[in-house]
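Report on the following structure.
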Amino acid sequence: MSVALLSVAGVALDALLGEPKRNHPLVAFGRFAKRIEQRLNAAGRGWRSHGVTAWFIAVIPLTLIATLLSWLPLIGWLVEVLALYCALGLRSLGEHVEPVAQALRSDDLDEARRRVGYLVSRQTSELDSTEVARAATESVLENGSDAVFAAIFWFVVLGAPGVVLYRLSNTLDAMWGYRNERFERFGWAAAKIDDLLNYIPARLVALTYALLGNTRLALRCWRTQAPKWDSPNAGPVMAAGAGALGVELGGAAIYHGELHERATLGEGVPADANSIDRGWQLVQRGVWLWLLILCLGTEFYA
Numbered sequence: 001m002s003v004a005l006l007s008v009a010g011v012a013l014d015a016l017l018g019e020p021k022r023n024h025p026l027v028a029f030g031r032f033a034k035r036i037e038q039r040l041n042a043a044g045r046g047w048r049s050h051g052v053t054a055w056f057i058a059v060i061p062l063t064l065i066a067t068l069l070s071w072l073p074l075i076g077w078l079v080e081v082l083a084l085y086c087a088l089g090l091r092s093l094g095e096h097v098e099p100v101a102q103a104l105r106s107d108d109l110d111e112a113r114r115r116v117g118y119l120v121s122r123q124t125s126e127l128d129s130t131e132v133a134r135a136a137t138e139s140v141l142e143n144g145s146d147a148v149f150a151a152i153f154w155f156v157v158l159g160a161p162g163v164v165l166y167r168l169s170n171t172l173d174a175m176w177g178y179r180n181e182r183f184e185r186f187g188w189a190a191a192k193i194d195d196l197l198n199y200i201p202a203r204l205v206a207l208t209y210a211l212l213g214n215t216r217l218a219l220r221c222w223r224t225q226a227p228k229w230d231s232p233n234a235g236p237v238m239a240a241g242a243g244a245l246g247v248e249l250g251g252a253a254i255y256h257g258e259l260h261e262r263a264t265l266g267e268g269v270p271a272d273a274n275s276i277d278r279g280w281q282l283v284q285r286g287v288w289l290w291l292l293i294l295c296l297g298t299e300f301y302a
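Residue numbers are given in full-length UniProt numbering: position 118 of the sequence shown equals residue 118, and the series is strictly consecutive.
Spelled out as structure tokens, the structure:
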């Protein structure tokens, strides 16, 4: 079965079922990774070498298992589809962002703050409605890249092993990739590997956002604003996405009690419930564009 059809099947399965409500493989992996970290980084005393070792222990054996299973006759294709399905978070992303927009439209700021708190790591208890909408729109654009597009990219490139390698690495970055006392050294490898794996997908996503929105503004924001962002991959994605939507994102935000002066991204109207919806639609349209290109490309080279 072609990679295009397998990709469509994986995305369709996610759209139909959403994330597994019980026994999600990534939840089990998270518990496994936590035990490894507690063993090799007790009290935050681990060094970079410990972080590299932990990454290999957590990621490589499972990637090899995925490789072997995907080679099985008759059911290898099913393993491929299930691997992509478990790695995707498209429907889940919509299920998390839509209640934020609904709460803002109902002028229920407390509920909007609570809901957006599930999406972002910044402090949300004192955000106003524009700041809530800004945080949710940023999360849609960035998580669309991390949890959807990059998973599809690595599935197309390397099949089940590629998507498993990517999703486990991305999960470790979310768990260990913090610049704080506990993870500054230990989490260095997880953060750098995730940056490397996301480098090409993030730029393809930025281009996708630009093509599906205000292209000229998106490309200009990408070129001028992305270099000012801390993350080498989130910068292009969110700058291009904000420009494509014609909305202003970025700016100051409080993380773990500390004020971070972030660069402004995009240009245009302040964020609101509509910008959240439009960001979510941009991600969905981008996914189907990628799948269409895959199918046409497969047909052309057949």
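Note that beta-carbon positions come from the ideal geometry of N, C-alpha and C, so glycine has one too.
Applying the 10 Å Cβ sphere with the 16-neighbour rule, what's the burial state of residue 238? Counting other Cβ atoms within 10 Å of its Cβ, residue 238 reaches 16 or more and is therefore classed as buried.
Where the alpha helix (DSSP H) containing residue 307 begins and where it ends: Outside the shown range of the chain, which is 1 to 302, sits residue 307, and nothing can be said about it.
Reducing DSSP to helix, strand and coil, say where residue 24 ends up. Three-state DSSP puts residue 24 in coil, outside helix and strand.
To the nearest angstrom, report how far apart residue 168 and residue 26 are at their CA atoms. One C-alpha to the other measures close to 8 Å.
Return the first residue and the last residue of the alpha helix (DSSP H) that residue 124 is part of. Secondary structure note for residue 124: it is in no alpha helix (DSSP H), with a DSSP letter that is neither H nor E.
Out of 232, 246 and 188, which one is the CA nearest neighbour of residue 210? With distances taken between Cα atoms, residue 210 lies closest to 246.
Residue 173 versus residue 265: straight-line alpha-carbon distance, rounded: Approximately 24 Å between the Cα atoms of the pair.
Tell me, to the nearest whole angstrom, how far the beta carbon of residue 104 is from that of residue 263; I am working on the premise that it is less than 8 Å. The pair is not a contact, with the Cβ atoms about 24 Å apart (cut-off 8 Å).
Span of the beta strand (DSSP E), counted from its first residue to its last, around residue 249: Residues 247–250.
Helix, strand or coil for residue 209 per DSSP? Look at residue 209 here: in three-state DSSP terms it is helix.
Relative to the alpha-carbon of residue 135, which residue among 147, 52, 157 and 248 has its alpha-carbon at the smallest distance? Cα-wise, what sits closest to residue 135 is 248.
How far does the alpha helix (DSSP H) with residue 260 in it extend, from its first residue to its last? No alpha helix (DSSP H) contains residue 260, which is instead part of the beta strand (DSSP E) from 258–260.
Can you look up residue 75 in the DSSP assignment and give me helix, strand or coil? Under the three-state reduction of DSSP, residue 75 is assigned to coil, being neither helix nor strand.
Assigned exposure category for residue 50 - 16 Cβ within 10 Å defines buried: A residue is called buried when at least 16 other Cβ atoms come within 10 angstroms of its Cβ; residue 50 meets this threshold and is buried.
Ordered along the chain, which non-local residues of its own chain (more than five positions away) have a Cβ less than 8 Å from that of residue 204? 149 and 153, listed in sequence order.
Can you give me the C-alpha to C-alpha distance between residue 165 and residue 60, rounded to a whole angstrom? Whole-angstrom Cα-Cα distance: 8 Å.
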